[in-house]
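Novice: Pasting in a structure now, in structure tokens, and then I'll have a few things to ask.
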Amino acid sequence: GAVVSQHPSWVICKSGTSVKIECRSLDFQATTMFWYRQFPKQSLMLMATSNEGSKATYEQGVEKDKFLINHASLTLSTLTVTSAHPEDSSFYICSAITPGRMAQYFGPGTRLLVL
Amino acid sequence: GQQVMQIPQYQHVQEGEDFTTYCNSSTTLSNIQWYKQRPGGHPVFLIQLVKSGEVKKQKRLTFQFGEAKKNSSLHITATQTTDVGTYFCAGTAGNNRKLIWGLGTSLAVNP
């Protein structure tokens, strides 16, 4: 149980384009999902907390107009990197929590390369 | 702000040796969780500790939560090559579900 999928797993795009990443909880309803960014050999950096049916809460320093988050249903949250630039290249990972539990279940991640 | 320090940053052991990673928080935590991330993979939840002084075991892994709920440790007995990866501790404070992450300890095991 508690499986989270993420799509796409890899994306290469040109500078200036927008990229949408989907995060789905496959066998449970996730009222809260988290979006992280991870650079090589570093820890996870929380970007935002996504709650179903409400606006995401962004961490300090994360541009909400740059990283658009939509949590339209209890099983789907999306992160759109708008007008991507090479410095946005990173490993983006989502996680979800099941109601009543604190453990976070992670998706497999999306590696974004902006040329 | 709230911080969780984790040491060591790297550990290289011979297969069969023991391994320990330590976490220290600047504030009292509601709970502490441990995750393992294999190279190229994503973090996988290992365990959660909630009670002061709690000790939990999973086969060769022993997890401890300090009496003051500010520190924690993960000990692996007789490491195996399958233990390779980065071990992260992460804690929550108060009723906040947001995790405060340690920087991780990368474990390498020589066969």
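Chains as they are written, first to last, in this note's numbering: chain R, 7 to 121; chain G, 1000 to 1110. Cβ coordinates follow ideal geometry from the N, Cα and C atoms, glycine included.
1) Less than 8 Å between CB atoms is the rule here; does Q1032/G satisfy it with respect to chain R?
2) Identify the contact partners of Q35/R in chain G, using a Cβ-Cβ distance below 7 Å as the criterion.
3) Shorter than 8 Å from the beta carbon of Q1047/G to some beta carbon of chain R?
4) On a CA-only basis, which of Y111/R, T55/R and V68/R is nearest K1097/G? Give me that one, please.
5) Output yes or no for whether 8 Å exceeds the beta carbon distance between G1103/G and T1076/G.
6) From the DSSP output, in three-state form, read off E28/R for me.
7) Under 8 Å between the Cβ atoms of M1004/G and G1093/G?
8) Measure the C-alpha to C-alpha separation of P105/R and F45/R and round it to an integer number of angstroms.
9) For G22/R, which residues in the same chain have their Cβ closer than 6 Å to its Cβ, ignoring the five residues on either side in sequence?
10) Beta strand (DSSP E) containing N1023/G: first to last residue?
11) Can you name, in chain order, every residue of its own chain whose Cβ lies under 7 Å from the Cβ of K20/R, other than the five neighbours on each side?
12) Within this structure, are the beta carbons of V9/R and L32/R separated by less than 8 Å?
13) Let's test the definition: count the other Cβ atoms within 10 Å of the Cβ of D71/R and tell me whether it reaches 16, buried, or not, exposed.
14) Could you tell me which of N1023/G, E1014/G, V1108/G and G1015/G sits nearest to Q1032/G, measuring between CA atoms?
15) Can you name, in chain order, every residue of its own chain whose Cβ lies under 8 Å from the Cβ of Q110/R, other than the five neighbours on each side?
16) Would you please verify whether the beta carbon of P1110/G is less than 8 Å from any beta carbon of chain R?
17) Assign T1080/G to one of three DSSP states: helix, strand, or coil.
18) With DSSP as the reference, please indicate the residues paired to V87/R in a beta bridge.
19) Among residues of its own chain, excluding the 5 on either side of T1019/G, which ones have a beta-carbon nearer than 8 Å to its beta-carbon?
Specialist: So, to answer that:
1) Within the second sequence, numbered from 1, the residue matching residue 1032/G stands at position 33. Taking a beta-carbon distance threshold of 8 Å, Q1032/G counts as an interface residue toward chain R.
2) Within the first sequence, numbered from 1, the residue matching residue 35/R stands at position 29. Those do not exist, as Q35/R stays about 15 Å from chain G at its closest Cβ, beyond 7 Å.
3) Locating residue 1047/G in the second sequence gives position 48, where the first residue counts as 1. So, interface residue.
4) For the purposes of this step, residue 1097/G is taken as the residue at position 98 of the second sequence. For K1097/G, the closest C-alpha among the options Y111/R, T55/R and V68/R is that of T55/R.
5) Numbered from 1 along the second sequence, position 104 holds the residue referred to as residue 1103/G. Numbered from 1 along the second sequence, position 77 holds the residue referred to as residue 1076/G. Not closer than 8 Å, so no.
6) The residue given as residue 28/R occupies position 22 in the first sequence. The DSSP-derived three-state label of E28/R is strand.
7) The count along the second sequence starts at 1 and reaches residue 1004/G at position 5. The count along the second sequence starts at 1 and reaches residue 1093/G at position 94. Cβ atoms of M1004/G and G1093/G: not closer than 8 Å.
8) Counting from one through the first sequence, the residue named residue 105/R turns up at place 99. Counting from one through the first sequence, the residue named residue 45/R turns up at place 39. Their Cα atoms are separated by approximately 29 Å.
9) Here residue 22/R corresponds to residue number 16 of the first sequence, with the count starting at 1. Its chain contains S89 as the residues whose beta carbon lies nearer than 6 Å to that of G22/R, once the 5 sequence neighbours on both sides are disregarded; these appear in chain order.
10) Here residue 1023/G is taken as the residue at index 24 of the second sequence, counted from 1. Note, N1023/G: beta strand (DSSP E), F1018 to S1024.
11) By one-based count along the first sequence, residue 20/R stands at place 14. Taken in chain order, the residues that qualify are L121.
12) As a first step, residue 9/R must be located in the first sequence, where it is residue number 3. As a first step, residue 32/R must be located in the first sequence, where it is residue number 26. Taking the C-beta atoms as reference points, L32/R is found nearer than 8 Å to V9/R.
13) Position 65 of the first sequence, counting from 1, holds the residue named residue 71/R. A residue is called buried once 16 or more other Cβ atoms fall within 10 Å of its Cβ, and D71/R, having fewer, is exposed.
14) Taking the second sequence and counting its residues from 1, the one referred to as residue 1032/G is at position 33. The option with the nearest alpha carbon to Q1032/G is N1023/G.
15) Here residue 110/R is taken as the residue at index 104 of the first sequence, counted from 1. Sequence-distant Cβ neighbours of Q110/R in its own chain, meaning closer than 8 Å and more than five residues away, are F40, S101, A102 and I103.
16) As a working mapping, residue 1110/G is identified with position 111 in the second sequence. Chain R, which has no Cβ nearer than 8 Å to the Cβ of P1110/G, makes this no.
17) Here the question's residue 1080/G lines up with position 81 in the second sequence. Here T1080/G sits in helix by DSSP.
18) For the purposes of this step, residue 87/R is identified with residue 81 of the first sequence, where counting begins at 1. V25/R and F73/R.
19) Position 20 of the second sequence holds residue 1019/G. Cβ contact annotation for T1019/G (same chain, cutoff 8 Å, sequence separation greater than five): S1072, L1073, H1074 and I1075, in chain order.
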